[in-house]
Amino acid sequence: TQIVTVQTQPFDGQAPGTSGLRKKVKVFQQANYAENFIQSVFDSVTRDPGATLVIGGDGRFHNRTVIQQVIRMAAANGYGRVLVGRGGILSTPAASHVIRKYTASGGLVLSASHNPGGPDEDFGIKYNIANGGPAPEGVTTAIHARTLEIDRWLTVEADDIDLDRIGDVEVAGMTVSVIDPVADYADLMEELFDFAAIRKAVADGFTMRFDAMSAVTGPYAVEILENRLGFAKGTVVNGTPLEDFGGHHPDPNLIHAKELHDLMMGEDAPDLGAASDGDGDRNLIIGRGRFITPSDSLAMLAANIEIAPAYKGRLAGIARSMPTSAAADRVAEALGVPCFETPTGWKFFGNLLDAGKVTICGEESAGTGSDHVREKDGLWAVLLWLNILAARQIPVDQLAREHWARFGRNYYARHDYEGIAKDGADALMAEIKDSLGVLKGHAFGPLTVKLADSFSYSDPVDGSVSENQGIRVLFEDGSRIVFRLSGTGTQGATLRVYLERYEPADGRLDEETGAMLADQIVAAEAIAGIVEHTGRTAPDVIT
Ligand code: VG1
Ligand code: CO
Numbered sequence: 002t003q004i005v006t007v008q009t010q011p012f013d014g015q016a017p018g019t020s021g022l023r024k025k026v027k028v029f030q031q032a033n034y035a036e037n038f039i040q041s042v043f044d045s046v047t048r049d050p051g052a053t054l055v056i057g058g059d060g061r062f063h064n065r066t067v068i069q070q071v072i073r074m075a076a077a078n079g080y081g082r083v084l085v086g087r088g089g090i091l092s093t094p095a096a097s098h099v100i101r102k103y104t105a106s107g108g109l110v111l112s113a114s115h116n117p118g119g120p121d122e123d124f125g126i127k128y129n130i131a132n133g134g135p136a137p138e139g140v141t142t143a144i145h146a147r148t149l150e151i152d153r154w155l156t157v158e159a160d161d162i163d164l165d166r167i168g169d170v171e172v173a174g175m176t177v178s179v180i181d182p183v184a185d186y187a188d189l190m191e192e193l194f195d196f197a198a199i200r201k202a203v204a205d206g207f208t209m210r211f212d213a214m215s216a217v218t219g220p221y222a223v224e225i226l227e228n229r230l231g232f233a234k235g236t237v238v239n240g241t242p243l244e245d246f247g248g249h250h251p252d253p254n255l256i257h258a259k260e261l262h263d264l265m266m267g268e269d270a271p272d273l274g275a276a277s278d279g280d281g282d283r284n285l286i287i288g289r290g291r292f293i294t295p296s297d298s299l300a301m302l303a304a305n306i307e308i309a310p311a312y313k314g315r316l317a318g319i320a321r322s323m324p325t326s327a328a329a330d331r332v333a334e335a336l337g338v339p340c341f342e343t344p345t346g347w348k349f350f351g352n353l354l355d356a357g358k359v360t361i362c363g364e365e366s367a368g369t370g371s372d373h374v375r376e377k378d379g380l381w382a383v384l385l386w387l388n389i390l391a392a393r394q395i396p397v398d399q400l401a402r403e404h405w406a407r408f409g410r411n412y413y414a415r416h417d418y419e420g421i422a423k424d425g426a427d428a429l430m431a432e433i434k435d436s437l438g439v440l441k442g443h444a445f446g447p448l449t450v451k452l453a454d455s456f457s458y459s460d461p462v463d464g465s466v467s468e469n470q471g472i473r474v475l476f477e478d479g480s481r482i483v484f485r486l487s488g489t490g491t492q493g494a495t496l497r498v499y500l501e502r503y504e505p506a507d508g509r510l511d512e513e514t515g516a517m518l519a520d521q522i523v524a525a526e527a528i529a530g531i532v533e534h535t536g537r538t539a540p541d542v543i544t
């Protein structure tokens, strides 16, 4: 094999964020930009000679271009085999499964998740390790360090391969296997859940709508929901992956999946409404007349997970990210299993899952998953809901009410201020940090601060410590505000303000969330000076 060495120079700003390197497509299209990052990954990660690499993406604009480049670079860097999804497609959870199933040394997942796609929109590259999960901080730090000193990248002279034909081809001595992106994943889902029970519920009249948002989950949802579970044709809407997601944000929240929400609140609502994001790792769950917040969904799924065959009798523990509501903690306590609080981002769940300390984990940002893979998994969450609903034979709304009547309810909302000036955002965070020492005991209306700190996590498995993972302000009455800056945006900064308040089981369980959080909203402004620092008088998105 003739290896071609291309000279290059480092780029600034190639530090992976919450979930890989995310930038505008135009940034990735600069000569050497993607290549530098990919070579930095190959230079940093350990693997045996002849190792297998998995490559897949969410199908957004620029996906195919980068995949062809990665294949040539993998051949030059000594990989023995590459597995790539047909059409360059692999949802993030499917990629995680394929890495595990074929004992690959790792994988490159090309996605900017829920961010819009197209020539002027976003692209992203993330490296996952052999357990199928996002590279932990030790690895991403090494990759970033390498991007700052890189001076060459390696490739081979070879034509593009036909990504649309399943089968093996050879590229400069390396085997490239184009695989069905859906089959392995769909088979795994069938092992985990009681498909017969769901099929029976469907036959008895249970209906749903799944909005794939013109993103990667379309083919997965059609195969699993319509073909294998027997839901009517047309249950999956927007089921064809488009390079620009039809011009929308493939973000399954009440703003970007408004049509689904309106349907579910109306007369003609099916029993379940669900959606997933660009790369298939998030989920939105709405029952007839009842939206389930992601934090509640985690708690409700955890409380019922042992209904699903693969989880019977083996709920070891629950993990949630710090900004996620404490609803799951109540469940863990009641069931007598441990609960872990990690920083934002799925990479922090990997060790806990590998060590068997937790079975289910989740984030307030619509991510839920289990030890079946090492990524959050949108369709998995939908199927677990279906399995539970089919077994318990109650509507989503009743399940939610019964849950709150047993565990109490954590009213919860996240306010996002998107695309604000970075300087203002940094100043806001710095000022709250400076005031942490004096906040304790301070009153904001009826709320008195019990504890205020900058969240730091020490991993109970490998002892690694991650600092500055968001600012928490906890009040005497048990309510809470969290402030942090997003690590996935590509323009300016995004401030996230997370608000939470607990109502006990005998409290007010069916109130309007905004009204229940009114005191916390006022306190957040007083503590952070949001208007002054961001120039915004209201959040752009409330989820
Ligand atoms: C956001 C979410 C976080 C999630 C991450 C990746 O990160 O808050 O919970 O893990 O996106 O999800 P940030 O740093 O912007 O808050 V995905 O579906 O974009 O891969
Ligand atoms: Co995603």
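Note that the sequence shown ends on residue 544 in the UniProt record's numbering; no numbers are left out. Note that CB positions come from ideal geometry on N, CA and C, so glycine has one too.
- With fewer than 16 other Cβ atoms inside 10 Å of its own Cβ, Ile-4 counts as exposed.
- The C-beta separation of Pro-540 from His-416 comes to about 4 Å, placing the pair in contact by the 8 Å criterion.
- DSSP lists no bridge partner for His-145.
- One alpha carbon belongs to Ser-114, the other to Ala-143, and they sit about 23 Å apart.
- In the three-state scheme derived from DSSP, where H, G and I count as helix and E and B as strand, Asp-49 is classed as coil.
- Annotation: Gln-470 is outside any beta strand (DSSP E) and is labelled neither H nor E by DSSP.
- If you ignore the 5 residues before and after Thr-53, its C-beta comes within less than 8 Å of the C-beta of Tyr-80, Gly-81, Arg-82, Val-83, Leu-84, Tyr-103, Thr-104, Ala-105, Ser-106, all in its own chain and listed in chain order.
- Membership of Thr-176 in the beta strand (DSSP E) is indicated by the continuous run 175 to 180.
- In this structure the region 190 to 204 lies against the region 389 to 397, because at least three pairs of beta carbons, one per stretch, are closer than 8 Å.
- With a threshold of 7 Å, the Cβ atom of Asp-123 does not count as near ligand 2, since no heavy atom of the ligand is closer than that.
- With a minimum length of 3 residues, the unbroken runs of beta strand (DSSP E) contained wholly in the region 52 to 82 fall at 53 to 58.
- Non-local beta-carbon contacts of Glu-36 in its own chain, meaning distances under 6 Å to residues more than five positions away in sequence, involve Trp-154 in chain order.
- Annotation for Arg-61 indicates a beta carbon at 7 Å or more from all heavy atoms of ligand 1.
- A distance criterion of 7 Å places the beta-carbon of Gly-488 in contact range of ligand 1, judged by its closest non-hydrogen atom.
- The beta carbon of Glu-468 sits closer than 6 Å to those of Ser-457, all from its chain and outside the five residues before and after it, given in chain order.
- Closer than 7 Å to some heavy atom of ligand 2: that describes the Cβ of Gly-279.
- Nearest C-alpha to Asp-212 among Glu-227, Gly-206, Ala-356: Glu-227.
- Residue Asp-163 holds the alpha-carbon nearest to the alpha-carbon of Gly-86 among Asp-152, Asp-163, Val-26.
- Take the alpha-carbon of Tyr-128 and the one of Thr-156: they are about 19 Å apart.
- Glu-365 has its alpha-carbon roughly 8 Å from the corresponding atom of Thr-294.
- When C-beta atoms of the region 506 to 521 are compared with those of the region 405 to 425, three or more pairs fall below 8 Å, so the two segments count as touching.
- Counting along the chain, the unbroken beta strand (DSSP E) around Leu-273 starts and ends at 273 to 276.
- Around the beta-carbon of Val-237, 16 or more other beta-carbon atoms lie within 10 Å, marking it buried.
- With a threshold of 7 Å, the Cβ atom of Asp-282 counts as near ligand 1, since some heavy atom of the ligand is closer than that.
- Gly-60 sits away from Glu-224, with the two beta carbons spaced by 8 Å or more.
- Ser-296 is a Cβ neighbour of Thr-325, given a cutoff of 8 Å.
- For Ser-114, the distance from the CB to the nearest heavy atom of ligand 2 is below 7 Å.
- For Ala-401, DSSP assigns no beta-bridge partner whatsoever.
- Within the chosen limit of 7 Å, ligand 1 does not reach the beta carbon of Thr-141 with any heavy atom.
- By DSSP's assignment, Lys-441 forms no beta bridge with any residue.
- Across the set Lys-358, Ser-41, Arg-485, Gly-174, the C-alpha of Arg-485 shows the shortest separation from the C-alpha of Leu-429.
- Less than 8 Å divides the Cβ of Arg-147 from the Cβ of Asp-44.
- Counting along the chain, the unbroken beta strand (DSSP E) around Val-110 starts and ends at 107 to 111.
- Unbroken alpha helix (DSSP H) runs of no fewer than 4 residues, entirely contained in the region 278 to 305, are found at 295 to 305, following chain order.
- A straight-line Cα-Cα distance of about 37 Å links Asp-252 and Met-175.
- Exclusion of the five residues before and after Gly-89 leaves Gly-58, Asn-64, Arg-65, Ile-68, Leu-164 as the residues of its chain whose Cβ lies within less than 6 Å of its Cβ.
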